[in-house]
Every structure is written in structure tokens, then in C-alpha cells.
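Taking it in order: structure first as C-alpha cells, then the write-up.
Number of protein chains: 2
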Amino acid sequence: MRPSPRLRKTKQRYVILEELCKVTCHPSADELYNMVRRKLPRISMGTVYRNLDLLARDGVIQRLEISGTQKRFDGNASNHYHMRCLRCGKVADAHMKKVIPMEDVIKEVTDFEIVGYRLEFIGLCPQCRRKKSGCHEKTSTG
Amino acid sequence: MRPSPRLRKTKQRYVILEELCKVTCHPSADELYNMVRRKLPRISMGTVYRNLDLLARDGVIQRLEISGTQKRFDGNASNHYHMRCLRCGKVADAHMKKVIPMEDVIKEVTDFEIVGYRLEFIGLCPQCRRKKSGCHEKTSTG
DNA sequence: TTTGCTGCAAATCCTTTGCAGAGGT
DNA sequence: ACCTCTGCAAAGGATTTGCAGCAAA
Chain X
9 MRPSPRLRKT KQRYVILEEL CKVTCHPSAD ELYNMVRRKL PRISMGTVYR
59 NLDLLARDGV IQRLEISGTQ KRFDGNASNH YHMRCLRCGK VADAHMKKVI
109 PMEDVIKEVT DFEIVGYRLE FIGLCPQCRR KKSGCHEKTS TG
Chain F
9 MRPSPRLRKT KQRYVILEEL CKVTCHPSAD ELYNMVRRKL PRISMGTVYR
59 NLDLLARDGV IQRLEISGTQ KRFDGNASNH YHMRCLRCGK VADAHMKKVI
109 PMEDVIKEVT DFEIVGYRLE FIGLCPQCRR KKSGCHEKTS TG
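Going down the list, the protein sequences come from chains X and F. Numbering-wise, the first sequence is residues 9 to 150 according to the working numbering. Numbering-wise, the second sequence is residues 9 to 150 according to the working numbering.
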């Protein structure tokens, strides 16, 4: 396990990370729990969730969805880019001068039949940048 | 409201769509519910959720997060691309020949301080392509 | 008239949390 | 010894669903 400041090396944490890194299927907490349980039968879901959270905050792993608990909706159904604030969770449209040549890339993508995409930039919104302090918020990216 | 086959024109649906299209803040179901309630005080959360789902399936609006209910985790914390299957929900890494020059674009992005991004392609995985029938699954993109 | 839609309330499902004891440093 | 981490179980919160009546088409 990559050494991390502050985080202790526990058996549970080690196995969770090991199992997660072993696969490329991007499991849910629940699926990972079942994988880990084969090695540590007495581990609890709470431990899995807590570690996933700590590891993501620490930048060792990442959550695929950065959102909080609720989903957000957009009245504009066409493909465009979003910016999500790490700290306050706000999402804004990204108005960028240069447009990413996504269509070129999509054609080269593997065996999936692509119907669309989501591109989300993660960072700090202007308001949160200003009050940028050392403390971290609930949200984590990975 | 854009005419859609099969969907009836109800007052509730109309106001939900109208309120959603009025803003660019990408509200959650809950936030939208409060917006709509100012016009239709007796509307219920269930109606909001059901309509959001129908409208997203119909392609009139989009959900920002395409995932199902559970979040997924990735042992690889560096920025890379994902492919999510609309039908079965599986997520795979996108191994593409051409890499998108994201860094160039990020510099031009508005007032956010960017720390990373998520790029997710949406489509049908090889397995689901094969058994591609007329029926639609639970998952919807928008 | 037919069949989809709504409000209400209960149910479900994922995730988080409090607590007391165990374990890493 | 100190303080984080764990297992367990309960709590919390978002979303879904069953149902009976209502309303588009």
C-alpha cells in the first residue's frame, strides 16, 4: 500500500485497496465488500465505506461519480461540459473558447457503441477559491 | 413542451420542464421540487421523480450522473476515460489511441480552479449491442 | 372510454454514524 | 499510552413504488 501521511496500515485497508486495484471493472462499495469478504470474512460494510472515503480523499483511488448524494438534472440535453466544485458541490456549465474535438476521438473508441458523453471538470468555484483554507470539506474526488 | 410520442401533456410535466429549463444551475430533484411547488403547491416528490425519469429517457433533459444508484470506485486515481453501458450499467476503461488534449482546454476554462476531470462515454457495451432489442432498460441518459 | 398520470404514504436501497472495544504507532 | 480504526447495529437520506382516483387523448 502506498504510504500515506496520517493513514494507518490496517489489514482491512490493505485488502480493500488490493482488491480494488486488482480489477478494472470499477466495482461499487457493495461489490467490493463481497470481494474483500472472501479474504476477511468478518469485515463490515461500514469499514469498506469508510476506507473508500479515506482513500479517495487521499488521492489513492477515485470515485467515478464525484457528486454528493443527490443527482442533478439539466434542461439542456445536448452534450456540453460541466464544472463541479469540490467544496460546495455546485455545478455550472463550462463555457470554453476552444471546443474539444470529441467526435474525432469517439470514432476511435473501442467496441462500445457510443451515443453520448459526459465531461466534467472538477475544481473550486470562484466563491470557494476566495475562502480557500486548509480545511477540507465532505466531498472528495480521488 | 417539445411534443413527445406517448407522453401526455400534463400541467405538472409542463411546469417541471419549464422550471428546469429556466435555470442553468442543474438542480437536484429536491431543489426542482421546491421550485415547482411555488407554481403547483400540491405536487408531490414522486411526480417530480417520475417526470424527471420520463423526460430523461425521452431525451428532453439529461441527468448529469448517468450511474445507477450506487457509486463506483477506481483503483487508478489518475485521469483517464471511462465507458458506461446504458443498458447494463457496466463501466470499463476507454483505451483510445488518440488522447484528448485536455490540458490545453483546461487552461482556457472559466474562473474555476481545475484540479481534474471526468470524461465518460455513454453507449452500449459489446454484449448489450448483440442482444440489442427494442426494449429499454431502467437506466437512462438523457 | 381507455390508459397514463397524480398525490400520498409506505417501502427500499445505499450510505453514514454512534459506540465500545481492538489495534497501529 | 494515544488515538485511529473496526464491527455491529441503528439511523439517515434519496429515490422508488403500490394504490385508488383523476384527467389526457
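Glycine included, C-beta positions come from ideal geometry on N, C-alpha and C. Computed from a predicted model, the values in this text were never measured in an experiment.
Contact between V56(X) and A85(X) is ruled out by a C-beta separation of about 35 angstroms, above the 8 angstroms threshold. Here the alpha carbon of P35(F) sits roughly 29 angstroms from the alpha carbon of D112(F). Around the beta-carbon of D82(F), 16 or more other beta-carbon atoms lie within 10 Å, marking it buried. Per the DSSP secondary-structure output, Q20(X) pairs with nothing in a beta bridge. For the pair I24(X) and I114(X), the Cα-to-Cα distance works out to about 33 angstroms. For G54(F), no chain X residue has a Cβ inside 9 angstroms of its Cβ, as the nearest lies near 16 angstroms away.
If you look at M91(X), you'll find it in the beta strand (DSSP E) that goes 89-93. In the DSSP assignment, the residues bridged to A100(F) are M91(F). Against I69(X), the close residues of chain F are F81, D82, G83, N84, A85, in the order they occur along the chain (beta-carbon pairs closer than 9 angstroms). If you draw a straight line from the Cα of M104(X) to the Cα of T118(F), it is about 7 angstroms long.
Assigned with DSSP and collapsed to three states, Q135(F) falls in helix.
Using a Cβ distance threshold of 9 angstroms, G97(X) and G76(X) count as a contacting pair.
Along the region 105-130 of chain X, going in chain order, the ones with a CB nearer than 9 angstroms to a CB of chain F are K105, K106, V107, I108, P109, M110, D112, V113, I114, E116, V117, T118, D119, F120, E121, I122, V123, G124, Y125, R126, L127, E128, F129, I130. Along the region 34-54 of chain X, the positions whose C-beta sits under 8 angstroms from a C-beta of chain F are H34, P35, S36, A37, D38, L40, read in chain order. Here C33(F) is exposed, its C-beta having fewer than 16 other C-beta atoms within 10 Å.
For the pair V123(F) and L127(X), the CB atoms are not nearer than the 9 angstroms cut-off. Going by DSSP, D112(X) is part of the alpha helix (DSSP H) stretching over 110-116. L28(F) is not a Cβ neighbour of L62(F), given a cutoff of 9 angstroms. Straight-line spacing of the CA atoms in N87(F) and M91(X) works out to 15 angstroms.
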